[in-house]
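Chains as they are written, first to last, in our numbering: chain A, -1 to 419; chain B, -1 to 419.
Cβ atoms here follow ideal geometry from the backbone N, Cα and C, with glycine treated the same way.
Protein chains: 2
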Amino acid sequence: LNRHHGGVKIQPDRLLADIEALAAIGDTGDGGNCRLALTDEDAGGRELVVGWMRDLGLDVRVDRIGNVVATRAGAESTGAGNDAAPVMTGSHIDTVGTGGRYDGTLGVLAGLEVVRALDDAGIRTRRPVAVAFFTDEEGSRFAPDMLGSLVYAGGMPLEDALDIVAIDGAVLGTELERIGWTGDAAVPGPAPHAYVELHIEQGPVLEEAGVTIGAVTGVQGISWQELTLTGQANHAGTTPMRLRRDPAYVAAQTIGFVRRLATDLGGHQVGTVGRLDLHPDLVNVVAARATLTVDLRNTDEAVLAEAERRLRGHVAALASAEGCEGAWRRLARFQPVAFDPAVIDLVESTAERLGHSVMRLPSGAGHDAQMLARVCPTGMVFVPSRAGVSHNPAEFTEPEHLAAGTEVLAEVLTELAGVVE
Amino acid sequence: LNRHHGGVKIQPDRLLADIEALAAIGDTGDGGNCRLALTDEDAGGRELVVGWMRDLGLDVRVDRIGNVVATRAGAESTGAGNDAAPVMTGSHIDTVGTGGRYDGTLGVLAGLEVVRALDDAGIRTRRPVAVAFFTDEEGSRFAPDMLGSLVYAGGMPLEDALDIVAIDGAVLGTELERIGWTGDAAVPGPAPHAYVELHIEQGPVLEEAGVTIGAVTGVQGISWQELTLTGQANHAGTTPMRLRRDPAYVAAQTIGFVRRLATDLGGHQVGTVGRLDLHPDLVNVVAARATLTVDLRNTDEAVLAEAERRLRGHVAALASAEGCEGAWRRLARFQPVAFDPAVIDLVESTAERLGHSVMRLPSGAGHDAQMLARVCPTGMVFVPSRAGVSHNPAEFTEPEHLAAGTEVLAEVLTELAGVVE
Chain A
-1 LNRHHGGVKI QPDRLLADIE ALAAIGDTGD GGNCRLALTD EDAGGRELVV GWMRDLGLDV
59 RVDRIGNVVA TRAGAESTGA GNDAAPVMTG SHIDTVGTGG RYDGTLGVLA GLEVVRALDD
119 AGIRTRRPVA VAFFTDEEGS RFAPDMLGSL VYAGGMPLED ALDIVAIDGA VLGTELERIG
179 WTGDAAVPGP APHAYVELHI EQGPVLEEAG VTIGAVTGVQ GISWQELTLT GQANHAGTTP
239 MRLRRDPAYV AAQTIGFVRR LATDLGGHQV GTVGRLDLHP DLVNVVAARA TLTVDLRNTD
299 EAVLAEAERR LRGHVAALAS AEGCEGAWRR LARFQPVAFD PAVIDLVEST AERLGHSVMR
359 LPSGAGHDAQ MLARVCPTGM VFVPSRAGVS HNPAEFTEPE HLAAGTEVLA EVLTELAGVV
419 E
Chain B
-1 LNRHHGGVKI QPDRLLADIE ALAAIGDTGD GGNCRLALTD EDAGGRELVV GWMRDLGLDV
59 RVDRIGNVVA TRAGAESTGA GNDAAPVMTG SHIDTVGTGG RYDGTLGVLA GLEVVRALDD
119 AGIRTRRPVA VAFFTDEEGS RFAPDMLGSL VYAGGMPLED ALDIVAIDGA VLGTELERIG
179 WTGDAAVPGP APHAYVELHI EQGPVLEEAG VTIGAVTGVQ GISWQELTLT GQANHAGTTP
239 MRLRRDPAYV AAQTIGFVRR LATDLGGHQV GTVGRLDLHP DLVNVVAARA TLTVDLRNTD
299 EAVLAEAERR LRGHVAALAS AEGCEGAWRR LARFQPVAFD PAVIDLVEST AERLGHSVMR
359 LPSGAGHDAQ MLARVCPTGM VFVPSRAGVS HNPAEFTEPE HLAAGTEVLA EVLTELAGVV
419 E
């Protein structure tokens, strides 16, 4: 890489103004945003952002699934179809139903601020710099999530994606046509030279550590399982303890084991029982059945698989000891994604060079970057989320952290694109 | 007591036929019965049973709350208003919505069979023998349960009882009038000389032990509490284990502690968490709130109070360690009832004398007998429930166990009433 020593001066006020303006579309009145994928509100957001892209003189292409890629030409561009692969940044502008104003939008709008800063400084990069936003990252209306980037990266055929039916019964392809965002650029899209995404952490780790920049090492693998424990309903007064076959007791032991498992395996292993239902759920009846979910995540596939094995083995013993039956159902399983070591190093060293505190951490949530990681060297920059809150109107990141992240992004993209001296 | 050595020969077939006939009223078609208190079905049951009482020449009195007491005169009777206090047996003929055919009805119909057997043998007892059935024992339609016997024993003013509103909006006094069962006998009713009730166990203890007769020592005290644990909702992927404040984890530890508490305190202590709700109850969100109930029961008031104290203390420590708040709400609290030692001894020795296996045990469920225990020496006879099942169409007791229990009841009542030799 052609090491760039200049410094790209970003202007935080412009970024904040853009975030404010985009947040006015689908404003839920409580500080939050609702721009579910391919709704009129999503279309409104698209119009606004693409308008800004055109104002910056970028080459805007819309693909068959509605992903938008806006490119600032590089010095090595030699005309249509023959350009050097761009260094790409981006994220998404759709939100969950009760979304905040930073999740996704930060990565897209910071990308545009980087372009403005490059323009201001009159910097010509060797490779093009592209700013993208991908369709339906949240998956709240059309499952699965990260859909647009999945299709961009070749992970799902276009036809399958267009046939997806929303929770409201709408068909994805039809909705894309209706809002006028079916483009003609082919999918899968061209592989970028590299992809770096700025995003809010959506977790409490950076805030807790008092650190400004996260150099994201990858995305956790996810295992979701549902466990149904069947015992015997009994009278709470007349049934001695030794004669009980209580699935609530086995469920409780399972919750305790999930905590121990995560603690024992250490590292980035987490485990959560967030759902638990008893039947018949009465104060004076020993439950007949308990249904609970176990969410296990790890950056290391081998450890995640080991966690699943230990969980199933231990629960089988617990259930048997109580005279209960246990039945598992797999709800979801994704392998971990590891980001590119050189990109991770670059994010970390750039933050240090700019004087920001920095730490490496994995992402616990899914991001478009994990799809791009299938086709090019990829990394992410995290900035702190207040109290770790996201997917919530209370989602908030300090303006100085937004600025710091954008500054790091600007330097990293410039470094990766190379500067024509 | 004038020891009776004769033997009162009961005829099981008559008892079984009566159970069958009563079960035809409010038959739910699945082997079960629905005669909720003061419904037309309850009225139908009352007509049938009171018809039998009159056929036996008993003096039938209905009181202001609809309790029915049918009395066989004793040798010491000296005319109206001047009789010796009767030895009373009985139970109830109302059922829960999904009731079986033995709960309550056995005690009433076995009482009538005892009267028939006394008549057959030409036995004159010194004291009168009375067979009663009490209004609304189940409490399924009009809370609280054991209402009729509570009013009989002076535990609730008549006016308060008549004003109770049903779950279906009906008023108790109005319903009692409507079905024609408001009597003129005063409440509280006269204290019997003694009260002995035959009932199915509704639990698995006798069956498990292979024992035919239970000499019931009393009724467990009951403590119902609701615990609300408040933590912090968090992302299941992005929140490290050490930063969690997970009320589901504290709920699980509480369930484990309730089991340990019951086991450690031993004796007749039982503890049950039958209800547990998480909020928001999502697979990928650490819960913000857990609400659970704890049902603690013991025959010993001091131990029950100690169990409550230990539970609250331990949960406070668990919640604090996890950074959660715990709030308790008392749902119900009843002190244990101890039956009369002489009556317990008599039930036990009578069973032994008749060659039935017998054991002492407390009742985990509430019974009319615990109300009568306020005004006279009281005891109960239990017979086994198959698999401990009750309040269910599958409720079943072997015919030979029904016969054995009735035989014991007959001897105990005759013993207590005294025989004119």
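Where does residue i land, buried or exposed, given buried means 16+ other C-beta within 10 angstroms?
i	result
A:Pro190	buried
B:Glu173	buried
B:Pro397	exposed
A:Ile165	exposed
A:Val163	exposed
B:Glu39	buried
A:Leu414	buried
B:Asn0	Any reading at B:Asn0 must be qualified, since the residue scores a pLDDT of 39, below 50, and its modelled position is unreliable; no value is offered.
A:Arg273	buried
A:Pro360	buried
A:Asp343	exposed
B:Ser147	buried
B:Thr261	exposed
A:Asp293	buried
A:Gly49	exposed
A:Gly265	exposed
B:His3	Reliability of the predicted coordinates at B:His3 is poor, the pLDDT of 48 falling under 50, and the value obtained from them is presented with this limitation in mind. Flag for B:His3 reads exposed.
B:Pro155	exposed
B:Gln368	buried
B:Asp118	exposed
Quick one: give me the first and last residue of the alpha helix (DSSP H) that residue i is part of.
i	result
A:Glu224	Run containing A:Glu224: none in the alpha helix (DSSP H); it sits in the beta strand (DSSP E), 219 to 228.
A:Phe394	First-last for A:Phe394: undefined, no H or E at that position.
B:Met369	366 to 370
B:Asp158	156 to 160
A:Glu39	38 to 53
B:Val169	Here B:Val169 belongs to no alpha helix (DSSP H), and DSSP marks it neither H nor E.
A:Gln251	245 to 263
B:Glu18	10 to 21
B:Tyr150	145 to 150
From what residue to what residue does the beta strand (DSSP E) around residue i run?
i	result
B:Ile198	192 to 198
B:Asp275	274 to 277
A:Gly377	376 to 381
B:Glu74	Here B:Glu74 belongs to no beta strand (DSSP E), and DSSP marks it neither H nor E.
B:Asp57	57 to 60
B:Ala130	127 to 131
B:Ala505	Missing from the structure shown is residue 505 of chain B; chain B here goes from -1 to 419 and no further.
A:Gly269	268 to 270
By DSSP's criteria, residue i is part of a beta bridge. Which residues make up the other side?
i	result
A:Ala285	Bridge partners of A:Ala285: none, in fact.
A:Glu323	A:Thr228
A:His233	A:Val283
B:Ile211	B:Val356
A:Ala336	A:Gly216
A:Met86	A:Ala128, A:Tyr193
A:Ala183	A:Asp61
B:Ser361	B:Val217
A:Thr291	A:Glu224
ask   = What are the residues of the stretch 337 to 362 of chain B that lie near chain A, defined by any Cβ-Cβ distance shorter than 7 Å?
value = Gly362
ask   = Are there three or more Cβ pairs, one per stretch, closer than 8 Å when the stretch 358 to 378 of chain A is compared with the stretch 138 to 153 of chain A?
value = yes
query = When you check each C-beta in the stretch 221 to 243 of chain B against every C-beta of chain A, which residues fall closer than 7 Å?
reply = Trp222, Asn232, His233, Ala234, Gly235, Thr236, Thr237, Pro238, Met239, Leu241
message = Using a Cβ-Cβ cutoff of 9 Å, what residues of the stretch 245 to 258 of chain A are near chain B? List them in chain order.
response = Ala246, Tyr247, Ala249, Ala250, Gln251, Thr252, Ile253, Gly254, Val256, Arg257
query = Is it a yes or a no for the stretch 234 to 252 of chain A touching the stretch 191 to 202 of chain A, going by three-plus beta-carbon pairs under 8 Å?
reply = no
request  = Quick one: which residues of the stretch 282 to 299 of chain A get their C-beta closer than 8 Å to a C-beta of chain B? List them in chain order.
outcome  = Asn282, Val283, Val284, Ala285, Thr291, Asp293, Arg295
inquiry  = If the cut-off is 8 Å on Cβ atoms, which residues from the stretch 185 to 213 of chain A count as contacting chain B, listed in chain order?
reply    = Glu199, Gln200, Gly201, Pro202, Val203, Glu206
message = Output needed in chain order: residues of the stretch 256 to 275 of chain B with a Cβ under 7 Å from some Cβ in chain A.
response = Arg257, Ala260, Thr261, Val268, Thr270, Val271, Gly272, Arg273, Leu274
request  = Can you give me, in chain order, the residues of the stretch 314 to 340 of chain A that have a beta carbon less than 9 Å from any beta carbon in chain B?
outcome  = Leu329, Ala330
request  = Output, in sequence order along the chain, the residues in the stretch 377 to 389 of chain B whose CB is closer than 9 Å to any CB in chain A.
outcome  = Ser383, Ala385, Gly386, Val387, Ser388, His389
task = Report the residues of the stretch 35 to 60 of chain B with a CB closer than 8 Å to any CB of chain A, ordered along the chain.
result = none
request  = Give the residues from the stretch 139 to 164 of chain A that approach chain B closer than 8 Å (Cβ to any Cβ), ordered along the chain.
outcome  = none
inquiry  = Does the structure place the stretch 233 to 240 of chain B close enough to the stretch 403 to 413 of chain B that three or more beta carbon pairs sit under 8 Å?
reply    = no
ask   = Are at least three pairs of beta-carbons, each pair with one atom in the stretch 199 to 206 of chain A and one in the stretch 282 to 299 of chain A, less than 8 Å apart?
value = no
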